[in-house]
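A.B. asks: For the sequence shown, the working numbering begins at 13 and goes up steadily by one.
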Amino acid sequence: MKEKKELQSTPSIWRNGRFRRMFAAHTAASFGDWFDAIAIQVLVAYRWEADPMMIALIPVVMALPGLLLGSIAGTLADRVHKARLMIVCDAAIALLTLVILAVPGPAWLLPLLGLRAAAGVFQMPSQQGLTRTVVASDDLFRATSLNGLVNQASKVAGPLLGAMTLTVLSPQACIILNALLRLCSGLLLWPLRGIGPALVSTDQQAVAAGQQGKSAAHTAPEADEAKMREGHVRASRFFNQWREGWAFLWRSRMLLHTLIFGLFGLIAILMIDYQFPTLLRVLAPGNESLLGWLVSAIGAGAVGCMLVLNRLNRISAGWGLGGGYVLVGGAIAALGWARPGTGLPVLLMIGAVLGVGNGLYIITQNYILQAKTPADMVGRVFGIQSTVIGAIMVLSPLAGGVLIRIAGAGTAFVWIGMTVGILGLAGLLLQSVIWRESLADSSLTTEQNADLA
């Protein structure tokens, strides 16, 4: 009964103290990540003058942990104290970030980025699962949009503050700031470490009860055998939960189609996602700050979109996912059509449109994945999503690097943007077919939230 009282909807989600702590920790981590991202891209693209293929390897090494560990991380997140796992990940990310300060070039940077990404793989499904645990069903859409709002708001302030820090200090200072903010995130989550105990299966309870019922006269070999049996039961249960996550996703038409639709778009988008510095070197050679301005414009567009969605508290799956891709694709193609000397206001306007589409898509997708998933499977579903994203990030950036080498950055952006835009248009036109499970239920309303939970 106590848990039900804690999960009752409140007039304002800010009255939920647990969510406030999670929100503050997520804000610190997100801003730190953008300080770090801008610094690393400036180091690699401008100061080390790496070619497109070397730049393409950065998202590849960061994606490999998601591919190899995504499903496992999601299953683990459903079994352990989620806040504790997030705290451990924050500490690991902070330590590895500080180690980056000692690297002399891209060859040394890549493995460290891969290790750091591995810690992030375990953190993401834990955060999603903890949100589902501490937030009432009626407040879930607002929580989702606020978390997404932080991600996009950090794209506004993070790159700008990072650019200012780069001007006054150095990329190393931005990296240190990221490490400090990660430590702050872990400290904010510390009071939540007791929430979300590990799932205990019936078989595990039986083993535990049997162990407790045995007399102290048992010999050491018998105790060792019992421990081995308990270990086998735990391993079997872990595998079964991992398999249940995939089976549930396969049975849910809404979730499956949402992930597949997103997969095709990401295959194209991730080909150029880390190649913006390559294009900007052509449009404005030597202007390192342009990257920060463009990323901030993208974040500003996404923030504005999410503020509107948070107020409306509704959007259909077709307009959110398909419409988002139309805007993203159109903006990417427009950047490809831009020529050296294009004014800063024009580039910022294009970036803002890209951000609106990005925010529209992300918040709709995350909400569908959370609202259509039982609380005890959220971690597994988002872990599977990480695995899928990791798989395409291994190949897409490399393909993008090859495409840019062959056709040039501008032409590659145009082709990829048109591909994403056409996919989004298909989503708009065929939304009643793609999300046919119940289009009315895909309208993100608070009243329907309670029915979905």
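All residues carry an ideal CB built from backbone N, CA and C; glycine is no exception.
Starting from the C-beta of VAL212, find all residues in its chain whose C-beta is less than 7 Å away, skip the five residues before and the five after it, and write them out in chain order.
C.D. replies: If you number the sequence shown from 1, residue 212 lands on position 200. Reliability of the predicted coordinates at VAL212 is poor, the pLDDT of 41 falling under 50, and the value obtained from them is presented with this limitation in mind. Once the five neighbours on either side are set aside, VAL212 has no close Cβ partner at all.
A.B. asks: Just tell me which of ALA421, ASP285, HIS269, VAL146 has its CA closest to the CA of TRP26.
C.D. replies: Taking the first residue of the sequence shown as 1, we reach residue 26 at position 14. Looking at the Cα atoms, VAL146 is the closest of the given residues.
A.B. asks: Within 10 Å of its beta-carbon, does SER444 have 16 or more other beta-carbons around it, so buried, or fewer, so exposed?
C.D. replies: Residue 444 sits at position 432 when you count from the first residue of the sequence shown. With fewer than 16 other Cβ atoms within 10 Å, it is exposed.
A.B. asks: Could you give the first and the last residue of the continuous alpha helix (DSSP H) run that contains LEU201?
C.D. replies: The sequence position of residue 201 within the sequence shown is 189, counting from 1. From DSSP, the alpha helix (DSSP H) with LEU201 extends over 183-201.
A.B. asks: Any idea what DSSP makes of LYS384, helix, strand or coil?
C.D. replies: Start at 1 with the first residue of the sequence shown, and residue 384 comes out as number 372. If DSSP states are grouped into helix, strand and coil, LYS384 belongs with coil.
A.B. asks: Just verifying my parser: in three-state terms, what is the DSSP assignment at TRP46?
C.D. replies: Numbered from its first residue, the sequence shown carries residue 46 at position 34. TRP46: helix per DSSP, three-state reduction.
A.B. asks: Hey, out of LYS384, LEU201, VAL115, whose CA is closest to HIS269's CA?
C.D. replies: Numbered from 1 along the sequence shown, position 257 holds the residue referred to as residue 269. Taking only the C-alpha atoms, the option nearest HIS269 is LYS384.
A.B. asks: Mind the definition here: the segment 420-428 touches the segment 313-332 only if three or more C-beta pairs lie below 8 Å; say whether that holds.
C.D. replies: The answer is no - the segment 313-332 does not touch the segment 420-428, with fewer than three Cβ pairs under 8 Å.
A.B. asks: Under the three-state reduction of DSSP, which class applies to HIS93: helix, strand or coil?
C.D. replies: By 1-based counting over the sequence shown, the position of residue 93 is 81. HIS93 falls in the coil class under three-state DSSP.
A.B. asks: Output the distance between the C-alpha atoms of ALA346 and ASP48, rounded to the nearest integer angstrom.
C.D. replies: Working through the sequence shown from its first residue, we reach residue 346 at position 334. Working through the sequence shown from its first residue, we reach residue 48 at position 36. About 27 Å.
A.B. asks: Give me the Cα-Cα distance between PRO357 and ARG91, rounded to the nearest whole angstrom.
C.D. replies: Numbered from 1 along the sequence shown, position 345 holds the residue referred to as residue 357. Numbered from 1 along the sequence shown, position 79 holds the residue referred to as residue 91. PRO357 and ARG91: Cα-Cα distance of roughly 49 Å.
A.B. asks: Distance check for LEU282 and LYS16, CA to CA, integer angstroms please.
C.D. replies: To locate residue 16, count along the sequence shown from 1; it is residue 4. To locate residue 282, count along the sequence shown from 1; it is residue 270. Unreliable positioning characterises LYS16 in this predicted model, as indicated by a pLDDT of 42, which lies under 50. The coordinate reading is nonetheless provided below. Taking the straight line joining both Cα atoms gives about 41 Å.
A.B. asks: Quick check on ARG392: buried or exposed, where buried means 16 or more other Cβ atoms within 10 Å of its Cβ?
C.D. replies: Along the sequence shown, one-based indexing puts residue 392 at 380. So ARG392 ends up on the buried side.
A.B. asks: For the alpha helix (DSSP H) containing THR354, list its first residue and its last residue.
C.D. replies: If you number the sequence shown from 1, residue 354 lands on position 342. Unbroken run through THR354: none, as it is neither H nor E.
A.B. asks: Rounded to a whole number of angstroms, what is the C-alpha to C-alpha distance between GLY132 and CYS101?
C.D. replies: Looking up residue 132 in the sequence shown gives position 120. Looking up residue 101 in the sequence shown gives position 89. GLY132 and CYS101: Cα-Cα distance of roughly 7 Å.
A.B. asks: In the segment 298-347, which residue ranges form an unbroken alpha helix (DSSP H) of at least 4 residues, counting only runs that do not cross its ends?
C.D. replies: Listed in chain order, they are 301-324.
A.B. asks: Considering only their Cβ atoms, is the gap separating ALA114 from PRO289 smaller than 8 Å?
C.D. replies: Here residue 289 corresponds to residue number 277 of the sequence shown, with the count starting at 1. Here residue 114 corresponds to residue number 102 of the sequence shown, with the count starting at 1. It is not a contact, given that the beta carbons lie outside the stated cut-off.
A.B. asks: Could you give the DSSP three-state label for ASN252: helix, strand or coil?
C.D. replies: Locating residue 252 in the sequence shown gives position 240, where the first residue counts as 1. Helix at ASN252.
A.B. asks: Taking the beta carbon of ARG128 as the centre, do at least 16 other beta carbons fall within 10 Å, making it buried, or is it exposed?
C.D. replies: On the sequence shown, position 116 is the one that residue 128 refers to. It is buried - the Cβ of ARG128 has at least 16 other Cβ atoms within 10 Å.
A.B. asks: My assumption, with CB atoms under 8 Å, is that ARG417 sits in contact with PRO64. Please give the rounded CB distance.
C.D. replies: By one-based count along the sequence shown, residue 417 stands at place 405. By one-based count along the sequence shown, residue 64 stands at place 52. At roughly 6 Å, the Cβ-Cβ gap stays under 8 Å, so ARG417 and PRO64 are in contact.
A.B. asks: Helix, strand or coil: how does DSSP classify LEU442 here?
C.D. replies: Start at 1 with the first residue of the sequence shown, and residue 442 comes out as number 430. LEU442: coil per DSSP, three-state reduction.
A.B. asks: Going straight from the alpha carbon of MET136 to that of ASP150, what length do you get?
C.D. replies: Here residue 136 refers to the residue found at position 124 when the sequence shown is read from its first residue. Here residue 150 refers to the residue found at position 138 when the sequence shown is read from its first residue. So the alpha carbons of these two residues sit roughly 22 Å apart.
A.B. asks: Out of MET74, GLY342, ASN378, which one is the CA nearest neighbour of VAL432?
C.D. replies: Counting from 1 along the sequence shown, the entry for residue 432 is found at position 420. Answer by Cα proximity: GLY342.
A.B. asks: Have a look at LYS239 and LEU88 and give me their C-alpha separation to the nearest angstrom.
C.D. replies: As a working note, residue 239 is residue 227 in the sequence shown. As a working note, residue 88 is residue 76 in the sequence shown. At LYS239, the pLDDT of 49 sits below 50, so the modelled position is not reliable and the matter cannot be decided from this model.
A.B. asks: Compute every distance between the C-beta of TRP202 and the non-hydrogen atoms of the ligand ADP, then say whether any falls below 7 Å.
C.D. replies: In the structure shown, the ligand ADP is absent, as is every other ligand, since no ligand is present at all.
A.B. asks: Give the single residue among GLN287, GLY198, LEU125, PHE134 whose Cα lies nearest to the Cα of ILE187.
C.D. replies: For the purposes of this step, residue 187 is identified with residue 175 of the sequence shown, where counting begins at 1. Of GLN287, GLY198, LEU125, PHE134, the residue nearest in Cα terms is LEU125.
A.B. asks: Can you tell me the Cβ-Cβ gap for GLN140 and PHE394, rounded? I've got them flagged as a contact below 8 Å.
C.D. replies: Looking up residue 140 in the sequence shown gives position 128. Looking up residue 394 in the sequence shown gives position 382. With 8 Å as the limit, GLN140 and PHE394 qualify as a contact, their Cβ atoms being about 5 Å apart.
A.B. asks: Mind checking ASN252: buried by the 16 CB within 10 Å criterion, or exposed?
C.D. replies: As a first step, residue 252 must be located in the sequence shown, where it is residue number 240. Its Cβ having fewer than 16 others within 10 Å, ASN252 is exposed.
A.B. asks: Please determine, among LEU295, LEU437, ALA259, ALA421, the residue with the shortest C-alpha to C-alpha distance to GLY332.
C.D. replies: Taking the sequence shown and counting its residues from 1, one reaches residue 332 at position 320. Selected option, being the one with the closest Cα: LEU437.
A.B. asks: Measure the alpha-carbon distance for VAL406 versus GLY316 and round it to whole angstroms.
C.D. replies: Mapped onto the sequence shown, residue 406 falls at position 394. Mapped onto the sequence shown, residue 316 falls at position 304. If I take the Cα positions, the gap works out to 32 Å.
A.B. asks: Rounding to the nearest angstrom, what Cα-Cα distance links LEU97 and ALA314 in this structure?
C.D. replies: To locate residue 97, count along the sequence shown from 1; it is residue 85. To locate residue 314, count along the sequence shown from 1; it is residue 302. Using only the alpha carbons, I get a separation of about 29 Å.
A.B. asks: Since GLY198 contacts ILE99 with CB under 8 Å, what's their CB separation in whole angstroms?
C.D. replies: Numbered from 1 along the sequence shown, position 186 holds the residue referred to as residue 198. Numbered from 1 along the sequence shown, position 87 holds the residue referred to as residue 99. Right, their Cβ atoms sit about 5 Å apart.
A.B. asks: Given a threshold of 16 other Cβ atoms within 10 Å of its Cβ, counted over all protein chains shown, does PHE31 qualify as buried or as exposed?
C.D. replies: As a working mapping, residue 31 is identified with position 19 in the sequence shown. Its Cβ being crowded by 16 or more others within 10 Å, PHE31 is buried.
A.B. asks: When you compare only the Cα positions, how much space is there between ILE52 and GLY422?
C.D. replies: For the purposes of this step, residue 52 is taken as the residue at position 40 of the sequence shown. For the purposes of this step, residue 422 is taken as the residue at position 410 of the sequence shown. Going by the C-alpha atoms only, they are around 23 Å apart.
A.B. asks: With 16 other CB atoms within 10 Å as the buried threshold, where does ILE272 fall?
C.D. replies: Taking the sequence shown and counting its residues from 1, one reaches residue 272 at position 260. Burial call: exposed.
A.B. asks: Look at GLY412 and ALA403 and say whether their C-beta atoms are less than 8 Å apart.
C.D. replies: Residue numbering aside, residue 412 sits at position 400 when the sequence shown is read from its first letter. Residue numbering aside, residue 403 sits at position 391 when the sequence shown is read from its first letter. Taking 8 Å as the Cβ cut-off, GLY412 and ALA403 do not qualify as a contacting pair.
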